[in-house]
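From first to last, the protein sequence lines stand for chains L and Z.
Under the working numbering, the final residue of the first sequence carries the number 479; numbering is consecutive throughout.
Under the working numbering, the final residue of the second sequence carries the number 124; numbering is consecutive throughout.
As structure tokens, the structure follows; a few thoughts come after it.
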Amino acid sequence: MNGIFIRILKKGDYFGEKSILLESTRTIDVVAKTNCILYSISVETLVSMVGERYKDVLYLNMLKISLAKSNIFGKINSKLIEIVYNCFKVKNHLTGETVLKAGYIMSSKIIIILEGSILNERINQTIGKRGEILFENELFKNNFDEKLKFDLIASPDCLLIEADKEQFMKNLGGNLKEIMKKSIAMESLNKIPLFKNFSMKKIEILSSITKIEKFDNGKRIIIQGETDSKFFIVKSGKVDIFINNNYIRTLNPNEYFGERALFFKEPRTATAQANGTVECYVIDYKDLKIILEENLSNYLKTRFFLQDFTVDLKDLDFIRELGNGNYGTVCLVISRKNKHQYAIKLMSKLQIDYDSLHSNIELERGILLKIDHPFIVKLVKTLKDSKNIYFLLEYIKGKELFEVIRDIGLLDADQTKFYGCSMICAIEYLHERKFIYRDLKPENIMITKNVKEIFIMEILFENFKMFYMKTGIYETDRFWNC
Amino acid sequence: MKLIDFGTVKEINDRTMTIIGTPHYMAPEVILGEGYSFSIDYWSIGKSLNF
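So, in structure tokens, the structure goes:
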């Protein structure tokens, strides 16, 4: 700056945001010290991606980056930060301007330096640098109301984002300890596919109606045949599920059980037993009802048919053949018991033996059983008889994306964004679970035509709103014309 | 939309080598055979939308 060395930027650092945010001319020279490769993005592109609110998006992200590095604020859920973002104000100070006057109470405001640094001119000492929270350690000292003894000035130009501490804490909802607890609960609740797409506000309400209960090894948390109205999410430990005393599967942290009780007044259909010490988040249906919209209820109800482990080969009536794949035929069937339609994929044991595919099929089965996401085909269960192995799957009414593209010609920009985001949702879910898909292509993507299924999109709509911050997607309906 | 066909899915910790997929949509690092990771799925998303 003015020929004076300020700092070295390394891989991953960014620059140039200031003149975009302040719509000013460049105030610094940036010189390559070695061979550099940079990513650059123009304001126009930024606007086309995130909309006219691009400044807020940038400020919010810079705020999040700074808070995430902090010892005190680092553990606060970034979604909570989004909720309280509106109590922050941005301030710009030119070099030499007084930022804080002597007498300022050091613990009254949360001030984050986005750019530049703050100097105590009298002793020529830097008090805060880019990315730092001013007086971070003083903010939450007990009974701390020490006043600043000297004026602090900007040197060089300073871009700050600040909030009144009281207001910040009030909007977050309480004292720091409670906020931390809430943050951790929100994080867990948000990881559950059921709630993943809730707005931050809803997750916040959800965390306030959620209790934590502890169960000792062997304790039966719910008992088959009994009636109650609680919904459980595993916080830590493992929970074994039994039906008629037969072991079915083990649930790990963030998986849930007992959801049928939310919709059907009926005795429990399975027993859940603590395997080791277990902590669960517990939500009572009465409380959940407040925030559960009709869409989500409907969606959950259809999911139940896909979790009906009692469906057996002898209950299924053949309707028609749906397709013929490399290793078997897929048919549409209906269950006489629950009247729900399923797709069933049958593979001949002889063929499997011939191609020695047993381990592959076992692998596919194991992975599919671990997955539950609205954008991924659901495996209900596997079955076998003397000749064949069967995969009982969710029946998807629709067309391959491959055919859709053939039908409507090239996808336009909005359709591309929409399908792209949908794919990212599904792939992100798999990657979070350490699964790599490896064969993503339009032939492996079914576009559902059923209008009723738009509600799934609406559930994901909240998620898309978050995407909006990144990509500008916020309307879904118009993509459903094809 | 729904993702179907899980014949190629694998649980990995870091990287894997197996050359698998459909050539049109495969990321270069899969074809080169020097190991690849999760990001190859994003390459395929791009290819799926751009043909």
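Here a beta-carbon is modelled for each residue, glycine too, at the ideal position from N, C-alpha and C.
A quick note: this is a predicted structure, and the numbers were derived from the prediction, not measured.
Cutoff 7 Å: residue i Cβ touching any chain L Cβ
i: Z/Asp87; result: no
i: Z/Ser112; result: no
i: Z/Gly94; result: yes
Residue i at chain Z interface by Cβ criterion, 7 Å
i: L/Met454; result: With a pLDDT of 49 at L/Met454, under the threshold of 50, the modelled position of that residue is not reliable, and the figure given next carries that caveat. False, the Cβ-Cβ gap to chain Z never drops below 7 Å.
i: L/Ser75; result: no
i: L/Arg435; result: yes
i: L/Asn441; result: yes
i: L/Phe458; result: Here L/Phe458 scores only 45 on pLDDT, less than 50, and its place in the model is too uncertain to base an answer on.
i: L/Asn478; result: For L/Asn478, the predicted model reports a pLDDT of 31, less than 50, meaning its position is unreliable; a value from the coordinates is still stated below. By this cut-off, L/Asn478 is not an interface position.
i: L/Lys449; result: Note that L/Lys449 scores 42 on pLDDT, short of 50, meaning its location in the model is unreliable; the coordinates nonetheless yield the value given after this. Cβ-Cβ to chain Z under 7 Å: no for L/Lys449.
i: L/Glu472; result: Since pLDDT at L/Glu472 reaches only 32, below the 50 mark, its modelled position is unreliable, and the value read off the structure follows with that caveat. Output row for L/Glu472: interface = no.
i: L/Ile405; result: no
i: L/His428; result: yes
i: L/Glu361; result: yes
i: L/Thr224; result: no
i: L/Thr326; result: no
i: L/Phe301; result: no
i: L/Thr413; result: yes
i: L/Lys346; result: no
i: L/Lys367; result: no
Identity of the residues DSSP links to residue i by a beta bridge
i: L/Val87; result: L/Ile158
i: L/Leu376; result: L/Leu390
i: L/Tyr282; result: In the DSSP output, where bridge partners are listed per residue, L/Tyr282 has none listed.
i: L/Met443; result: L/Glu397 and Z/Lys75
i: L/Phe212; result: L/Val275
i: L/Phe254; result: L/Phe229
i: L/Cys328; result: L/Glu318 and L/Ile341
i: L/Val236; result: L/Leu248 and L/Ala271
Chain L residues whose Cβ lies nearer than 8 Å to that of residue i
i: Z/Met90; result: Residues of chain L passing the Cβ test: none, with the nearest at roughly 12 Å.
i: Z/Leu105; result: What Z/Leu105 touches in chain L: nothing, since even the nearest Cβ is about 15 Å away.
i: Z/Glu102; result: Simply none; closest approach about 12 Å.
Supposed close pair residue i, residue j - CB separation, criterion 8 Å
i: L/Ala410; j: L/Tyr278; result: With a Cβ gap of about 41 Å, L/Ala410 and L/Tyr278 do not count as contacting.
i: Z/Asp87; j: Z/Ser117; result: Contact doesn't hold; Cβ gap of about 19 Å is too wide.
i: L/Leu380; j: L/Leu310; result: 5 Å
i: L/Asn251; j: L/Val231; result: 7 Å
i: L/Phe132; j: L/Met103; result: 5 Å
i: L/Ile202; j: L/Ile288; result: 6 Å
i: Z/Thr91; j: L/Tyr434; result: With 8 Å as the limit, Z/Thr91 and L/Tyr434 do not qualify as a contact, their Cβ atoms being about 13 Å apart.
Contact set between residue i and chain Z, taken where Cβ atoms lie within less than 7 Å
i: L/Gly417; result: Ile118 and Leu122
i: L/Ala423; result: Leu76
i: L/Val374; result: Lys75, Leu76 and Ile77
Within chain Z, partners of residue i - CB distance below 8 Å
i: L/Leu408; result: Leu122
i: L/Ile393; result: Lys75 and Ile77
i: L/Lys431; result: Glu84, Ile85 and Asn86
Chain-ordered neighbours of residue i on chain Z, where CB pairs are closer than 9 Å
i: L/Ile364; result: Phe79, Val82, Lys83 and Glu84
i: L/Thr445; result: Met74 and Lys75
Minimum Cβ-Cβ distance from residue i to chain C less than 7 Å
i: L/Met420; result: Among the protein chains of the structure shown, namely L and Z, there is no chain C.
Check whether the segment 267 to 279 of chain L and the segment 228 to 244 of chain L touch, using three or more Cβ-Cβ pairs below 8 Å as the test.
yes
Does the segment 14 to 29 of chain L touch the segment 164 to 172 of chain L, meaning 3 or more C-beta pairs lie closer than 8 Å?
no
Meets three-Cβ-pair contact criterion under 8 Å: the segment 415 to 428 of chain L and the segment 94 to 103 of chain Z:
no
Whether or not the segment 121 to 140 of chain L and the segment 74 to 83 of chain L are in contact is what I'm after, with contact meaning three or more pairs of Cβ atoms, one per stretch, closer than 8 Å; do they touch?
Judged by Cβ distances under 8 Å, the segment 74 to 83 of chain L makes no contact with the segment 121 to 140 of chain L, as fewer than three pairs qualify.
Should the segment 434 to 444 of chain L be regarded as contacting the segment 397 to 413 of chain L, the criterion being three or more beta carbon pairs within less than 8 Å?
yes
Is the number of C-beta pairs between the segment 144 to 161 of chain L and the segment 83 to 100 of chain L that are closer than 8 Å three or more?
yes
Taking contact to mean 3 or more Cβ pairs, one atom from each stretch, closer than 8 Å, check whether the segment 331 to 340 of chain L and the segment 385 to 396 of chain L are in contact.
yes
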